[in-house]
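Peer 1: Quick one: the structure is below, questions incoming.
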Amino acid sequence: MSRLPLYRFIAIVTLAFFCLSGPAHGKGGRTVVIADPYIELHTGPGSGYPIFHVADRGEQLVVSKRRTNWFKVLTEDGKKGWVDADQLMRTLDLDGEPTEIEMPGRGEYLERNTEVGFQIGDFDGTNAISVYGAYLLNENLSVELWGTHLSGDFSSGWMTNINLVHQPYPSWFVSPYFALGTGLIHIEPKATLVQTESRTDQEAHVGFGLRTYLSERFLIRAEYRSYVVFTKRDSNEEVDEWKAGFAFFF
Amino acid sequence: MEGWIRIFLLRAALVALSMVIISGCSRSKGIDGGGGEPEAVIQPEVERREIKPAKIDTEDFEIGAYYGIMSVEDFETNSVYGARLAYHVNESFFVEGTYGRTDVGLTSFEKLSGGAPILTDAQREYSYYDFSAGYNLLPGEAYFGRNRAFSGALYVLIGAGNTNFADDDHFTFVIGAGYRMLMLDWLAMHLGVRNHMFSSDILGESKTTNNIEMTLSLTGFF
């Protein structure tokens, strides 16, 4: 295995930083007018950071960036601080309309297009770590790509598969779904054991799972899958998998 | 004689002016009294201006690199380096993925016995990845001298991943804590400690190993 030399690693990281710092310094932003009696400016993007300044009604604020539900603002007298979304939503735009802010919620969850998640589980006694990406064709049907890393006491390997998922009741608080898919599985016996051959086989599976919306862009899901591995031996293998994890959506 | 002509001309001008005014008034009256909608002289073709508010730049992702030391149980302490990508869900929670690598040294037994090494050089490459969920605790400001304050937070995290060491994959649990300090709005420095726990049978019997890592990282928000 070739190694990335340290100096090259540092060079790449430095370069990435310069690329990163470019757009972050973009001037401008949205100007809003305070409609509440006052608005509180925190020193950092979180309610735990102290309030160091209060801006009055009628004052204009320039909103430059957002981090989670906190907004960085610049006051007329040059004070920079962070305002939370609840307070910023009660300000007005320059045309007198209430400031509109995107707040990801259950509505956005139901209209999501893509979902990215991470799960851990048990694949026939082997630990499995999975990452997946899902694309929703409509509110009931989605296509998913999965990558799974298997690591157990006697063997390790990987699995990659494609899934077609049907969610009949997407608006239920805990929503069930059914999955059908196929892919490849690669198993490698542990190096400390007597050397046996590693193998790659095709598999097909069915699954059942539950998905629930948590908050913001978060959801949790858990599922069971039943696999049939088409081995090159006389009989096929049947494997059960249980897994759970979290995901976020865009 | 001259005075009379002047008065006549003045009167004529006055009459002409009043005629113009009267005719002007009557014309406008005629339009008003014409019934129906008044015909606008200029058709305004100005549409209502849609003010599109400037988009606010969202910076919920954090990417960066770290460097530090990692103590691999039974295999000495060596330098470790890696990369991390985090997504901040709200002000308290974040999820993070990391990838790092180090080289392990010799076990005490290998050094004392002077015998054949247990692992080859290639097998001494240790790499890991993990996914974890973190929670920000104790947010606050730290002061450098009289005039400088940086906001930061202490965080704890828990996760799972995989370690590749001695040609084998090991399912790994990770717990850790760190301190994140914002040097600039988009630039943060982390000082972190993590314990990577996995079961290993490299030295004969199977046991749970604790591999503790201390790192300093530099990250940027985007």
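Protein chains in written order, with the working numbering: chain A, 1 to 250; chain B, 1001 to 1222.
For every residue, glycine included, the Cβ atom is placed at its ideal position computed from N, Cα and C.
1) Do the stretch 1082-1096 of chain B and the stretch 1195-1206 of chain B meet, that is, are 3 or more Cβ pairs less than 8 Å apart?
2) Using only CA atoms, which one of A:H42, A:Y38, A:V32 lies nearest to B:F1150?
3) Is A:G152 buried or exposed, if buried means 16 or more other CB atoms sit within 10 Å of its CB?
4) Please report the straight-line C-alpha distance between B:S1132 and A:F248, rounded to a whole angstrom.
5) Mind listing which residues of the stretch 65-93 of chain A have their C-beta closer than 8 Å to chain B's C-betas, in chain order?
6) DSSP three-state label for B:D1032, please.
7) Just checking my contact of A:G81 with A:H53 at CB under 8 Å: how many whole Å lie between their CB atoms?
8) Drop a sphere of 10 angstroms on the beta-carbon of B:H1170, count the other beta-carbons inside from all chains shown, and report buried for 16 or more, exposed for fewer.
9) Counting only C-beta atoms, is A:K190 closer than 7 Å to chain B at any point?
10) Compute the Euclidean distance between the alpha carbons of A:D122 and A:E139, then round it to the nearest angstrom.
11) Any chance the stretch 1137-1157 of chain B sits against the stretch 1108-1115 of chain B, with 3 or more Cβ pairs inside 8 Å?
12) If you draw a straight line from the alpha carbon of A:N300 to that of A:W146, how long is it in whole angstroms?
13) Alpha carbon to alpha carbon, what distance is there between B:E1125 and A:G228?
14) Distance, Cα to Cα, B:L1106 vs A:Q119?
15) Nearest to A:M89 by alpha carbon, out of A:L61, A:G107, A:E108?
16) With a Cβ-Cβ cutoff of 7 Å, do B:V1072 and B:N1211 count as a contact?
17) Can you give me the Cβ contacts of B:G1097 inside the same chain, cut-off strictly under 6 Å, excluding the 5 residues immediately before and after it?
18) Measuring alpha carbon to alpha carbon, tell me which of A:L210, A:R225, A:K72 ends up nearest A:S171.
19) Determine, for B:E1096, whether the minimum Cβ-Cβ distance to residues of chain A falls below 7 Å.
20) At a Cβ cut of 8 Å, what residues of the stretch 1153-1175 of chain B count as close to chain A, listed as they run along the chain?
21) Give the secondary structure of B:L1203 by DSSP, where H, G and I count as helix, E and B as strand, and everything else as coil.
22) Verify the CB distance criterion: does A:E108 have a CB-CB separation below 7 Å to chain B?
23) Roughly how many whole angstroms lie between the Cα atoms of B:L1009 and B:L1017?
24) Measuring alpha carbon to alpha carbon, tell me which residue in A:G46, A:G44, A:R57 is nearest A:P37.
25) Would B:S1217 count as contacting chain A if we go by Cβ distances under 7 Å?
26) With distances taken between CB atoms, is the gap from A:Y132 to A:T114 smaller than 7 Å?
27) By how many angstroms is the C-alpha of A:F250 removed from the C-alpha of A:R112?
28) Run through chain B and tell me which residues come within less than 8 Å of A:T200, C-beta to C-beta.
29) Quick check on B:E1125: does DSSP put it in helix, strand or coil?
30) Using the DSSP secondary-structure output, state which residues sit across from A:L184 in a beta bridge.
31) Run through DSSP, which three-state label would B:V1015 get?
32) List, in chain order, every chain B residue whose beta-carbon is nearer than 8 Å to that of A:S156.
33) Quick one: using the 10 Å Cβ neighbour count with 16 as the cut-off for buried, is A:E241 buried or exposed?
34) Helix, strand or coil for B:I1007 per DSSP?
35) Can you tell me the Cα-Cα spacing of A:I185 and A:V63, whole angstroms?
36) Under 7 Å Cβ to Cβ from B:D1074, same chain only, skipping five residues before and after it: list those, please.
Peer 2: Concretely, from the data shown:
1) No contact exists between the stretch 1082-1096 of chain B and the stretch 1195-1206 of chain B.
2) Measuring from the Cα of B:F1150, the nearest candidate turns out to be A:H42.
3) Buried, since its Cβ has 16 or more Cβ neighbours within 10 Å.
4) Separation of B:S1132 and A:F248 (C-alpha to C-alpha, rounded to the nearest whole angstrom) is 14 Å.
5) Near chain B, meaning a CB-to-CB distance below 8 Å, the residues of the stretch 65-93 of chain A are K65, R66, R67, T68, N69, W70, F71, K72, D93.
6) Model confidence at B:D1032 stands at a pLDDT of 49, short of 50, so the residue's coordinates are unreliable and nothing is read from them.
7) Yes, they are in contact, since the Cβ atoms of A:G81 and A:H53 sit about 6 Å apart, within 8 Å.
8) Buried.
9) At least one chain B Cβ lies under 7 Å of A:K190.
10) So the alpha carbons of these two residues sit roughly 29 Å apart.
11) In short, these stretches do not touch, since the Cβ pair count stays below three.
12) Examination of residue 300 of chain A is not possible in this model, given that chain A is present from 1 through 250 alone.
13) Correcting the residue identity first, residue 228 of chain A is Val in this sequence and not Gly. About 35 Å.
14) Between the alpha carbons of B:L1106 and A:Q119 lies a distance of about 35 Å.
15) Looking only at A:L61, A:G107, A:E108, the smallest Cα-Cα distance to A:M89 is reached by A:L61.
16) It is a contact, given that the beta carbons lie within the stated cut-off.
17) Within its own chain, the residues whose Cβ lies closer than 6 Å to the Cβ of B:G1097, once the five positions on either side in sequence are excluded, are L1085, F1131, listed in chain order.
18) Each of A:L210, A:R225, A:K72 was checked against the Cα of A:S171, and the nearest Cα belongs to A:L210.
19) By this cut-off, B:E1096 is not an interface position.
20) Of all residues in the stretch 1153-1175 of chain B, A1153, A1160, G1161, N1162, A1166, D1167, D1168, D1169, H1170, F1171 have a Cβ within less than 8 Å of some Cβ in chain A.
21) Residue state, collapsed to three classes: coil.
22) Chain B contact via Cβ: absent.
23) Cα to Cα, B:L1009 sits roughly 12 Å from B:L1017.
24) Measuring from the Cα of A:P37, the nearest candidate turns out to be A:R57.
25) Cβ-Cβ to chain A under 7 Å: no for B:S1217.
26) In this structure, the beta-carbon distance from A:Y132 to A:T114 does not fall below 7 Å.
27) Roughly 6 Å between the two C-alpha positions.
28) Annotation: A:T200 has no Cβ neighbours in chain B at a cutoff of 8 Å; minimum Cβ distance is about 16 Å.
29) The answer is strand: DSSP assigns B:E1125 an E or B state.
30) Its beta-bridge partners are A:T160, A:Q202.
31) Looking at B:V1015 - three-state DSSP - the assignment turns out to be helix.
32) The contacting residues are D1168, D1169.
33) Buried, because 16 or more other Cβ atoms sit within 10 Å of the Cβ of A:E241.
34) In the structure shown, B:I1007 sits in a helix (DSSP, three-state: H, G or I).
35) Rounded to the nearest whole angstrom, the C-alpha separation of A:I185 and A:V63 is 50 Å.
36) Result list for B:D1074: T1107, L1203, in chain order.
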